[in-house]
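Counting in the working numbering, the final residue of the sequence shown is number 362, and the numbers go up one at a time with none missing.
Idealized CB from N, CA, C, for every residue including glycine.
Read the structure below first, then the notes.
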Amino acid sequence: MSLEGKVAIVTGSGAGLGLAYAQELARQGAKIVINDVNEEVAQAAVASITSVGGEAVAVVAPVGSSETAQQLVDTAVQTFGRLDILVNNAGILRDKSLLKMTDDDFDAVIGVHLRGTFTCVRAAFEYFKTNGVAGRIVCIGSPTGQRGNFGQTNYAAAKAGIVGMVRTWALEMKKAGVSVNAVIPVAATAMTKTVPFFQKAVEADERGEAMPDFFRKELGFGTAADVAGVIAFLSSDAAEGITGQAVGVGGDRLQVWSHPEPVVQEFHDGGWDYATMQSEGKAILEGNKQSVGERFPELPAELQPEA
Numbered sequence: 056m057s058l059e060g061k062v063a064i065v066t067g068s069g070a071g072l073g074l075a076y077a078q079e080l081a082r083q084g085a086k087i088v089i090n091d092v093n094e095e096v097a098q099a100a101v102a103s104i105t106s107v108g109g110e111a112v113a114v115v116a117p118v119g120s121s122e123t124a125q126q127l128v129d130t131a132v133q134t135f136g137r138l139d140i141l142v143n144n145a146g147i148l149r150d151k152s153l154l155k156m157t158d159d160d161f162d163a164v165i166g167v168h169l170r171g172t173f174t175c176v177r178a179a180f181e182y183f184k185t186n187g188v189a190g191r192i193v194c195i196g197s198p199t200g201q202r203g204n205f206g207q208t209n210y211a212a213a214k215a216g217i218v219g220m221v222r223t224w225a226l227e228m229k230k231a232g233v234s235v236n237a238v239i240p241v242a243a244t245a246m247t248k249t250v251p252f253f254q255k256a257v258e259a260d261e262r263g264e265a266m267p268d269f270f271r272k273e274l275g276f277g278t279a280a281d282v283a284g285v286i287a288f289l290s291s292d293a294a295e296g297i298t299g300q301a302v303g304v305g306g307d308r309l310q311v312w313s314h315p316e317p318v319v320q321e322f323h324d325g326g327w328d329y330a331t332m333q334s335e336g337k338a339i340l341e342g343n344k345q346s347v348g349e350r351f352p353e354l355p356a357e358l359q360p361e362a
């Protein structure tokens, strides 16, 4: 089922994962609104689509404000006559440990990732609902938002918040026939290129070779193209009825992340006062502690990074 006749906005699509999403949507027949803060990068992304017969236009503006969100929707409608798909990908990083993270570091990341997702979804949903369009919305999460990661307080908060909003929006948009899902990608990006653990995978990809199976299968780590197909599917009519989900994808692996559920329940007559917590509650909490952060298996010797 192609995306012929569909129109998609992809925020943060000048390069990297966002560009891969936009190109795949165009490959499946959609007309694309590219978004980036850099004019030259945005126009190059447009050219990468139009040069192979696709249709695309650029909006050069930072995501976050309501004005940019409305500009994206208006550009889609004015240029291509309609809007069917929104992919929220725009984001920035300001990684620092807690005591080194400034208010500006925190606010900048929250403003683009979390507020930008909120404002763009609100503008797109208003168009969908007003015009009776059973639209598709895909928001981008991260393993950091699911499990946490050292030095990423701001990013973890934003990505966890995005998944929380997606679950809420799935309830609010159901009657309008609009689906909204989060995708949790694990792929080679500018950031992962700097991580020694992924060195051999990134080097193979840059040589145009397949990444070793350890990365693609054991870690579920792959290329941007591995993620793009899932984005396109969730943007299609074939994904009708799939909403409110957090879908992990990377390499050869596809995941459905669970919604948070209690791992244990215990009851105590009269409630859990301080003394009862010491005598009974402490053992329950200690016996059911959940891990934090991502856990990677040990790299095989032949895939160890070079000094």
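Nearest by alpha-carbon distance to residue i: which of the options is it?
| i | options | result |
| --- | --- | --- |
| G136 | E122, T172, H168 and V188 | V188 |
| A213 | S291, I195 and T278 | I195 |
| A116 | D139, A102 and G146 | G146 |
| A362 | D292, V221, L226 and P251 | P251 |
| R271 | L154, R222, G284 and V304 | V304 |
| A237 | T223, T249 and A163 | T223 |
| T174 | G108, L354 and E122 | E122 |
| D129 | K151, V318, T157 and F180 | F180 |
| R82 | A330, A111, A70 and Q98 | A111 |
| G232 | I140, D307, F161 and G200 | I140 |
| Q207 | D162, F183 and V101 | D162 |
| P40 | D158, P267, Q345 and V285 | Any property of residue 40 remains undetermined from this structure, which presents the chain solely from 56 to 362. |
| H314 | V107, G200 and E321 | G200 |
If you check the beta carbons only, do residue i and residue j fall under 7 Å apart?
| i | j | result |
| --- | --- | --- |
| A242 | V282 | yes |
| G171 | G119 | yes |
| A301 | V218 | yes |
| V193 | V142 | yes |
| L138 | V62 | yes |
| R202 | G299 | no |
| A178 | A211 | no |
| A113 | A279 | no |
| L4 | G216 | Past the edges of the chain, shown from 56 to 362, lies residue 4, and the structure says nothing about it. |
| P360 | E273 | no |
| V164 | R149 | yes |
| L154 | F269 | no |
| A374 | E79 | The shown model of the chain, from 56 to 362, leaves out residue 374, and the question about it has no answer. |
| I339 | E321 | yes |
Could you please give the first and the last residue of the uninterrupted beta strand (DSSP E) stretch that includes residue i?
| i | result |
| --- | --- |
| W312 | R308 to W312 |
| D91 | K86 to D91 |
| I217 | Premise fails: I217 lies in the alpha helix (DSSP H), T208 to M228, not in any beta strand (DSSP E). |
| G305 | A301 to G305 |
| V112 | A111 to V115 |
| V62 | V62 to V65 |
Determine which residues share a DSSP beta bridge with residue i and list them.
| i | result |
| --- | --- |
| D194 | At residue 194 the sequence reads Cys, which differs from the Asp that was named. Paired residues: N143 and A237. |
| G284 | Its beta-bridge partners do not exist; DSSP assigns none. |
| A242 | G277 |
| S152 | Bridge partners of S152: none, in fact. |
| V118 | S120 |
Note the first and the last residue of the continuous alpha helix (DSSP H) segment covering residue i.
| i | result |
| --- | --- |
| V250 | V250 -> no alpha helix (DSSP H), and no H or E assigned at all. |
| A178 | G171 to N186 |
| I104 | E94 to T105 |
| T130 | S121 to F135 |
| R82 | G71 to R82 |
| I339 | K337 to G342 |
| V164 | D158 to V164 |
Could you check how far apart the C-beta atoms of residue i and residue j are, in whole angstroms? I think they sit under 8 Å.
| i | j | result |
| --- | --- | --- |
| F276 | A245 | Not confirmed; about 15 Å, so no contact. |
| A77 | V65 | 4 Å |
| N144 | S68 | 6 Å |
| L363 | S291 | Nothing in the structure corresponds to residue 363, since the chain is present only between 56 and 362. |
| D402 | A100 | Because the chain is modelled from 56 through 362, residue 402 falls outside the range shown and cannot be assessed. |
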